[in-house]
Amino acid sequence: MKKDLSKYIKQIAFSVFFLQLLVFSSCSGVIFHTIRDEVKLADAVVSGDCQNIIRYKDSIYVSVGKIKTRNVSSELVTKKTKLTGFSSPSGEVFQIAADSSNLYALSMTYEKDDDGFNSASKRTLWTYNGGKWKSIWSKPYNEDYETILFCTNTSSEANRHAYFRYGKSVFELSGEELGENGMATGSADNSTVPTASSKSCTVLGSTVYFSSANAMASNESPDSESTCIYYSDGDKVYYSKDGSNWESSDLGCDTIYSLAVTSDYLLAGTYSGIVHTPLTDWAPSSGTADFSSNADSTLSSYYEIPALLVIDSSKTELAATIFATCLTSSTSASLNNVGLWSYFPNSSGGKGEWNRE
Amino acid sequence: MKRFLALLCALFMISGFAFADDDDADIYDDIDQGEENDDIEFSPSNNLNEPGDQYIKIGLMVTCPLNFGGNFPFYKEGKLATGGAGMIGYHRFITSWWAAGLNIYFGYHPTLGENIFTYIPFVLDTTFQPTFRNFEFPVTLGVGAAMENYLSRTYFPGLVLRGAAGVFYRATPSWSFGIEGDCMYMPQWYSDSKYNDYGVFGSMLVTARYHF
Chain H
1160 MKKDLSKYIK QIAFSVFFLQ LLVFSSCSGV IFHTIRDEVK LADAVVSGDC
1210 QNIIRYKDSI YVSVGKIKTR NVSSELVTKK TKLTGFSSPS GEVFQIAADS
1260 SNLYALSMTY EKDDDGFNSA SKRTLWTYNG GKWKSIWSKP YNEDYETILF
1310 CTNTSSEANR HAYFRYGKSV FELSGEELGE NGMATGSADN STVPTASSKS
1360 CTVLGSTVYF SSANAMASNE SPDSESTCIY YSDGDKVYYS KDGSNWESSD
1410 LGCDTIYSLA VTSDYLLAGT YSGIVHTPLT DWAPSSGTAD FSSNADSTLS
1460 SYYEIPALLV IDSSKTELAA TIFATCLTSS TSASLNNVGL WSYFPNSSGG
1510 KGEWNRE
Chain C
134 MKRFLALLCA LFMISGFAFA DDDDADIYDD IDQGEENDDI EFSPSNNLNE
184 PGDQYIKIGL MVTCPLNFGG NFPFYKEGKL ATGGAGMIGY HRFITSWWAA
234 GLNIYFGYHP TLGENIFTYI PFVLDTTFQP TFRNFEFPVT LGVGAAMENY
284 LSRTYFPGLV LRGAAGVFYR ATPSWSFGIE GDCMYMPQWY SDSKYNDYGV
334 FGSMLVTARY HF
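In the order they appear, the protein sequences are chains H and C. The opening position of the first sequence corresponds to residue 1160 in my numbering, with each subsequent residue numbered one higher. The opening position of the second sequence corresponds to residue 134 in my numbering, with each subsequent residue numbered one higher.
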């Protein structure tokens, strides 16, 4: 009996030990150094499913069912101030956009079905320009028709344009009720003409470019027009300085959902966290680089990053004010972290910190 | 890689103790054969342990991260807070006062940014254990490899060096209970040396040992 027990223990212990060696050999990742970059997290004011961060006038707007806002004018942009509630149209607002004079919101109305469950019944597009929200389009919910609200979201108000796609029809928004026919669509993606599958856009100079990619971005800053535009395709980033010749860089990350530009790094929000890659004359490098801030431990691989916004792309990543939204993409993720995040530079120089908004 | 091979060689050398042939050392076997060999006599010993004796060890630990900031006892303001661990081990006495064996730990620490750092060290221990009446005073040194996890990152194999000292009371011939103080050193080395770092963890264990 004694010998049998001893034999079994030896067999189990050494089997487990060497199995561990085989299974986990050669795995590595920076751990203690990343933990030392962590900061104490603030209580979230904006938590929930947040798909867009939109510039309208001199403020940013986000939607978590209801709309919230904060001012990002030059006096306040580097200060952490709480977002406050903003007038919202009826229904659950799930997408917002803006042009130079109007804010737009796409809402869903739910009704109880025969079994007592809430089911989507109607989608409504609203516009706001300082008065009350006004409905400019509404249709019963039909899952066969995709609705996408997207905009250029530029720092220059003059370059802000908003678009709405319903199925294969694309409409340029102007604050007026939508007609039956949308814009003329073409077949060339990533061009100045929208296609039936466009879902993002940006501005090169003052010309709008459309893409079916998850994300587009430009290097426009408050003081200068854009000279380079970017779009994502899987884990690749395509960039162009003339709008017709595109080159690509493979970031080797998960699927990219959002892009934002600083003077030294291109930021990409992916299905599994935020990544960045250095820019050389606005051309992104292949692969990704380590963050010197606490981005790795906050917008980590447990989270999808559907939206990113850099307020001033002429600043370096460490000196810029950046906003990001965060959804769970792993069962290990914490729901406390779902919502809006921000990075503010350190007022005394050096690196700032990412924290919950 | 060189570090890993050196560690593996060391583990193999120490592991030989656990596989050592125990026929000559096992007094119970000698007694069983007494009828066939009249030259062997049963000689009672006052030692609590004899060569060939073995024990299984189970313990619960409260673990403090000693070099990540914060203050004793909870280290809440530090980058890592006080955590916990469970351990299980198997040891075998080479002499009446010297044992060798393997311990496996399962530990965790919450981080300041609301993440979790976990680690599973496999440690080969050598224990020197003087005794006084029913009290045993094990002093242990160990070396091993740990799998360390944080977010979706894994560091393996991570070197683990461990030292511990404690006091146990032999309540019955089969069971002893006691407490131990434990200090574990876990370095992390990377190809880019600016990321090199280490963790020092001090623990208090409450432990039960089953002797057989």
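Backbone N, C-alpha and C fix where the C-beta goes; we use that ideal spot for every residue, glycine too.
Partner residues on chain C for residue i, Cβ-Cβ distance less than 7 Å
| i | result |
| --- | --- |
| H/G1519 | For residue 1519 of chain H there is no data in the structure shown, the boundaries of chain H being 1160 and 1516. |
Identified DSSP bridge partners for residue i
| i | result |
| --- | --- |
| H/N1230 | H/S1218 |
| H/C1485 | H/G1498 |
| C/K190 | C/G222, C/R342 |
| C/N282 | C/T251, C/T287 |
| H/Q1254 | H/L1265 |
| C/Q321 | C/D330 |
| H/H1435 | H/L1426, H/A1448 |
| C/M337 | C/V195, C/G314 |
is_contact[residue i, chain H] using C-beta, thresh 8 Å
| i | result |
| --- | --- |
| C/D315 | no |
| C/I164 | For C/I164, the pLDDT reaches just 48, beneath the cut-off of 50, and the residue's location in the model is therefore unreliable, leaving the point undetermined. |
| C/Q262 | no |
| C/L213 | yes |
| C/Y188 | no |
| C/Y318 | no |
| C/Y323 | yes |
| C/A158 | Unreliable positioning characterises C/A158 in this predicted model, as indicated by a pLDDT of 46, which lies under 50. The coordinate reading is nonetheless provided below. No, no contact with chain H. |
Alpha-carbon spacing of residue i relative to residue j, whole angstroms
| i | j | result |
| --- | --- | --- |
| C/D162 | C/I227 | Bear in mind that a pLDDT of 49 at C/D162, under 50, signals an unreliable position, so the number given afterwards is only what the model happens to contain. For C/D162 and C/I227, the distance between alpha carbons rounds to 17 Å. |
| H/Y1430 | H/S1460 | 8 Å |
| C/V256 | C/F268 | 25 Å |
| H/W1296 | H/K1474 | 39 Å |
| H/Q1254 | C/I221 | 53 Å |
| C/I164 | C/P306 | With a pLDDT of 48 at C/I164, under the threshold of 50, the predicted position of this residue should be treated as unreliable, though the coordinate-derived value follows. Computed Cα separation, rounded: 19 Å. |
| C/E168 | C/L294 | With a pLDDT of only 49 at C/E168, under 50, the local geometry of the prediction cannot be trusted, and no value is derived from it. |
| H/D1273 | H/E1331 | 38 Å |
| H/I1415 | C/G275 | 46 Å |
| H/L1468 | C/G202 | 33 Å |
| H/R1282 | H/N1301 | 9 Å |
| C/L138 | C/Q321 | In this prediction, C/L138 has a pLDDT of 43, which is less than 50 and means its spatial position is unreliable; what the coordinates show is noted afterwards. Going from the Cα of C/L138 to the Cα of C/Q321 covers about 16 Å. |
| H/A1478 | H/G1511 | 8 Å |
| H/N1340 | H/R1324 | 11 Å |
| C/G211 | H/L1200 | 13 Å |
| H/Y1462 | H/A1203 | 16 Å |
| C/F301 | C/F270 | 6 Å |
| H/D1409 | C/S285 | 22 Å |
| C/Y318 | C/D258 | 14 Å |
| C/N236 | C/A218 | 12 Å |
| H/G1250 | C/H242 | 43 Å |
| C/Y223 | C/Y188 | 6 Å |
| H/E1384 | C/S324 | 41 Å |
| H/T1361 | H/T1457 | 28 Å |
| C/L141 | C/M280 | For C/L141, the pLDDT reaches just 47, beneath the cut-off of 50, and the residue's location in the model is therefore unreliable, although a value from the coordinates is still provided. Rounded to whole angstroms, C/L141 to C/M280 spans 15 Å at the Cα level. |
| C/S326 | H/S1280 | 58 Å |
| C/E313 | H/H1192 | 30 Å |
| H/L1494 | H/V1221 | 18 Å |
| H/G1207 | H/L1486 | 8 Å |
| C/R342 | C/R225 | 12 Å |
Chain-ordered neighbours of residue i on chain H, where CB pairs are closer than 9 Å
| i | result |
| --- | --- |
| C/D330 | V1189, I1190, F1191, H1192, I1194, R1195 |
| C/T244 | I1194, E1197, S1456 |
Any chain C beta carbon closer than 8 Å to residue i
| i | result |
| --- | --- |
| H/N1539 | No answer is possible for residue 1539 of chain H: the residues shown for chain H start at 1160 and end at 1516. |
| H/T1361 | no |
| H/Y1461 | yes |
| H/T1268 | no |
| H/T1313 | no |
| H/G1511 | no |
Cross-chain neighbours of residue i in chain H, by beta carbon under 8 Å
| i | result |
| --- | --- |
| C/F250 | I1190, I1194 |
| C/E269 | The contacting residues do not exist; C/E269 stays about 20 Å from chain H at best. |
| C/Y283 | G1188, I1190, T1193, I1194 |
| C/Y208 | Chain H residues near C/Y208: none, gap ~12 Å exceeds 8 Å. |
Beta carbon proximity, residue i to chain D, threshold 8 Å
| i | result |
| --- | --- |
| C/E183 | Looking at the structure shown, chain D is missing, and the protein chains on hand are H and C. |
Closer than 9 Å at the beta carbon, the chain C residues around residue i
| i | result |
| --- | --- |
| H/N1453 | G246 |
Residues in the segment 1196-1230 of chain H with C-beta within 9 Å of chain C's C-beta atoms, listed in sequence order?
D1196, E1197, V1198, K1199, L1200
Give the residues from the segment 1474-1506 of chain H that approach chain C closer than 9 Å (Cβ to any Cβ), ordered along the chain.
S1489, S1491, S1493, N1495, N1496
Chain-ordered residues of the segment 224-238 of chain C with a beta carbon less than 9 Å from chain H
R225, G234, L235, I237
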